[in-house]
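Protein sequences appear in the order of chains L and P. Add 31 to a position in the first sequence, counting from 1, and you land on the number used in this note's numbering. Add 156 to a position in the second sequence, counting from 1, and you land on the number used in this note's numbering. For every residue, glycine included, the Cβ atom is placed at its ideal position computed from N, Cα and C.
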Amino acid sequence: MTTVLAVAVSVLPVFLFLAALVLIDSYKLVALRAILLSIIAGVVAGLASYVVNVQLRPALDLDPAPYSMYVAPVVEEALKAAFVLYLLHRSRVGFVVDAAIHGFGIGTGFALLENLYYLRVNPDATLWTWIVRGFGTAIMHGGATAILAMVSKTLHHRPGAVRLYLLLPGLSVAVVLHSLYNHFLLQPLLATALIVLVFPWLSIAVFQHSERETGAWLGAGFDTDQELLRAVRSGQVSATPAGRYLHTVRSSFPAEVIVDMLCLLRLRAELAIHAKGVLMMREAGFDPAPDPALKDKFEELRYLERSIGKTGLLALHPFLHTSTRDLWQLNMLNEA
Amino acid sequence: MQTSVDRRGDVVTVHIAGSVDGLTAEGLQQVFTGELAAQHHNLVADFGGVEYTSSAGLRVLLATLKQARSRGGDLRLAGLNPDVLKVLELSGFTTILSVFDTVDGAVKSFGGRG
């Protein structure tokens, strides 16, 4: 069997699965650059796993089989989870769908490195071996991390530092799936067939559910942002809860800071409308070009945040939409 | 929300009055769908009487635009009030939707077809 065929069979399937996940996401939530970063993070996690596994197995004095069943899944899933943690912490994940794509991307990078390593140390393995590694093990790596990311995203709503215990349920599921796969409870080819049959259906069901949720969030959020913007633009902000609140805190801040707070509310509403507009256009099948004026708006946003200061931003917190999705949409625009 | 339709050449203008929101958007979608089904693919939405449009109304515009263009036609907007225009500009919709000050301007923009 040629090396080219072995590489193709062991590496291509997981990339095709990843491409399929990206294609069925009608909102195009994850940019290509971000997907590449997740793949690279997976490669790095694979390298780190190799180093840890080489040190840890002799230290634990375990044979390869029990180590691969009980210890390697914990090490490997935990290292893959590190980038999921980073993405959640930086509000780079808005929905279950983009969590799944990032997670599968990390698993893809991990599987790429692992299968290339096996190709190097086992160049004479049969085609069946590479079929199992390409369609089974590689998809298992992608799927396990995708599930880890989806569960963690579902549990993590608030922006800022991610509480580590929120990652534990997703990590546990990923470790159990990985460990079961390594137990070879089923024949390797049967396990591979099961993964190939089950994972696409599971992905489609999760994506359909998440897309309905995204559509509802878009509609409700767009209308709320539009209402706030109308109030600010028409000078009737004092009639809104935000305006009444600003009135009560005006004695605590200099007048120019109160003005900047109003400007910040308006700018955040404008950017939120823009972000949701982009998503609605993608939902309808359009591919809008990036707006060149956005750079200036983000500079203005940063200026206003500096001018208002941490205390002022804290005071404004109840009226600045700062859920993970609100921050995610700003990141999406800023990185476009 | 109320709608009325008139036709000049092969350009159909849908005049809309009131608010286009979650309750009324479906009615507007039915009007556009009916015109497209009748092979009227060059459409003008007259927003002169629209005070407010929610995300549901904007989704109707996007869906109609998509269908009209896929059949070789287009959807163009006219007479938007400043608030609605501002929202369309902020959301980026004006990068894919053509907007005109008047219905006449929008109809004439279809060339000799109006």
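- request: Inspect the beta-carbon positions of residue 204 of chain L and residue 179 of chain L and report whether they are closer than 8 Å.
  value: Contact flag set, yes.
message: For the beta strand (DSSP E) containing residue 205 of chain P, name the first residue and the last one.
response: Taken as a continuous stretch (DSSP letters only), the beta strand (DSSP E) holding residue 205 of chain P covers 198-209.
task: Could you tell me whether the stretch 90-105 of chain L touches the stretch 206-213 of chain L, using the rule of 3 or more Cβ pairs below 8 Å?
output: Contact holds: three or more Cβ-Cβ distances are below 8 Å.
- request: Kindly list the residues whose CB is nearer than 7 Å to the CB of residue 72 of chain L, restricted to its own chain and excluding five residues on each side of it in sequence; keep chain order.
  value: Setting aside the 5 residues that flank it on each side, residue 72 of chain L is surrounded in the same chain by 114, 137 and 140, each with a C-beta closer than 7 Å to its C-beta; the list follows chain order.
- request: Note down, in chain order, every chain L residue with its Cβ under 8 Å from the Cβ of residue 264 of chain P.
  value: Chain L residues near residue 264 of chain P: none, gap ~25 Å exceeds 8 Å.
DSSP-derived helix/strand/coil call for residue 231 of chain P: DSSP, read as helix, strand or coil, puts residue 231 of chain P in strand.
query: Going straight from the alpha carbon of residue 270 of chain P to that of residue 248 of chain P, what length do you get?
result: Per-residue confidence for residue 270 of chain P stands at a pLDDT of 48, beneath the threshold of 50, marking its modelled position as unreliable; the derived number appears in the next sentence. Looking at the two C-alpha atoms, the distance is approximately 27 Å.
query: Going by beta carbon distance, what residues of the same chain come within less than 6 Å of residue 262 of chain L, once the five residues before and after it are set aside?
result: Closer than 6 Å at the Cβ level, and outside the excluded window around residue 262 of chain L, lie 268 and 271.
message: In the DSSP output, which residue or residues are listed as bridge partners for residue 158 of chain P?
response: Paired residues: P:173.
field: Enclosing alpha helix (DSSP H) for residue 238 of chain L [first to last residue]
entry: Run containing residue 238 of chain L: 219-264, per the alpha helix (DSSP H) assignment.
- request: Would you be able to state if there are at least three C-beta pairs under 8 Å between the stretch 314-327 of chain L and the stretch 341-357 of chain L?
  value: Segments in contact, no.
task: Would you mind working out which of L:280, L:362, L:308 and L:301 sits nearest residue 347 of chain L, comparing C-alpha positions?
output: For the options L:280, L:362, L:308 and L:301, the alpha carbon positioned closest to that of residue 347 of chain L is the one of L:280.
query: Which chain L residues sit within Cβ distance under 7 Å of residue 214 of chain P?
result: The contact set of residue 214 of chain P on chain L, defined by CB atoms closer than 7 Å, consists of 311 in chain order.
message: Could you compute how far the alpha carbon of residue 265 of chain L sits from the alpha carbon of residue 257 of chain L?
response: Approximately 12 Å between the Cα atoms of the pair.
query: Looking only at C-alpha atoms, which of L:243, L:302, L:167 and L:222 sits nearest to residue 358 of chain L?
result: Per the Cα distances, L:302.
- prompt: Got a sec: is the Cβ-Cβ distance from residue 51 of chain L to anything in chain P below 8 Å?
  reply: No, its Cβ sits nowhere closer than 8 Å to a Cβ of chain P.
- prompt: Residues in its own chain within less than 7 Å of residue 248 of chain L by CB, not counting five upstream and five downstream?
  reply: Excluding positions up to five away in sequence, the list reads 356.
field: Span separating the alpha-carbon of residue 175 of chain P from that of residue 220 of chain L
entry: Going by the C-alpha atoms only, they are around 60 Å apart.
field: Residue span of the alpha helix (DSSP H) that contains residue 338 of chain L, given as start and end
entry: 325-347 is the span of the alpha helix (DSSP H), which, as asked, contains residue 338 of chain L.
Per DSSP, the bridge partner or partners of residue 254 of chain P: Looking at the DSSP assignment, residue 254 of chain P forms a beta bridge with P:232.
- request: Inspect the beta-carbon positions of residue 49 of chain L and residue 126 of chain L and report whether they are closer than 8 Å.
  value: Taking 8 Å as the Cβ cut-off, residue 49 of chain L and residue 126 of chain L do not qualify as a contacting pair.
query: Taking a cut of 8 Å between CB atoms, which residues from the stretch 232-260 of chain P lie near chain A?
result: In the structure shown, chain A cannot be found, because the protein chains are L and P.
query: Under 8 Å, do residue 211 of chain P and residue 253 of chain L count as touching if we go by C-beta distance?
result: For the 8 Å CB-CB criterion, residue 211 of chain P and residue 253 of chain L form a contact.
field: DSSP three-state assignment for residue 123 of chain L, whether helix, strand or coil
entry: Note: residue 123 of chain L maps to coil in three-state DSSP.
query: Does DSSP put residue 215 of chain P in a helix, a strand or coil?
result: Looking at residue 215 of chain P - three-state DSSP - the assignment turns out to be helix.
query: Start and end of the alpha helix (DSSP H) containing residue 153 of chain L?
result: In the DSSP assignment, residue 153 of chain L falls outside any alpha helix (DSSP H), carrying neither H nor E.
Residues bridged to residue 163 of chain P [DSSP beta-bridge criterion]: Residue 163 of chain P pairs with P:168.
message: Within a Cβ cutoff of 7 Å, which residues of the same chain sit near residue 202 of chain L, ignoring the five residues on either side of it in sequence?
response: 108, 109, 112 and 179, listed in sequence order.
message: Can you tell me whether residue 360 of chain L is buried or exposed? The criterion is at least 16 other CB atoms within 10 Å of its CB, across all chains shown.
response: Residue 360 of chain L should be labelled buried.
message: Between the stretch 222-239 of chain P and the stretch 280-298 of chain L, can you find at least three pairs of beta-carbon atoms closer than 8 Å?
response: Fewer than three Cβ pairs drawn from the stretch 280-298 of chain L and the stretch 222-239 of chain P lie within less than 8 Å of each other, which leaves the two stretches out of contact.
- prompt: Is the stretch 164-183 of chain L in contact with the stretch 41-57 of chain L, if contact means three or more CB pairs nearer than 8 Å?
  reply: Taking 8 Å as the limit for Cβ pairs, the verdict is that the stretch 41-57 of chain L does touch the stretch 164-183 of chain L.
message: If distances are taken between C-alpha atoms only, which option among L:298, L:44 and L:65 comes closest to residue 363 of chain L?
response: That would be L:65, whose Cα lies nearest to the Cα of residue 363 of chain L.
message: Just verifying my parser: in three-state terms, what is the DSSP assignment at residue 114 of chain L?
response: Residue 114 of chain L: helix per DSSP, three-state reduction.
message: Let me confirm a value: residue 70 of chain L is counted as buried when at least 16 other C-beta atoms fall within 10 Å, else exposed. Which label applies?
response: That one is buried.
- request: Verify the CB distance criterion: does residue 249 of chain L have a CB-CB separation below 8 Å to chain P?
  value: Residue 249 of chain L counts as touching chain P.
- prompt: Which residues of chain L have a Cβ atom closer than 9 Å to the Cβ of residue 218 of chain P, listed in chain order?
  reply: Proximity of chain L to residue 218 of chain P at the Cβ level (cut-off 9 Å) is accounted for by 311, 312, 314, 315, 316 and 317, in chain order.
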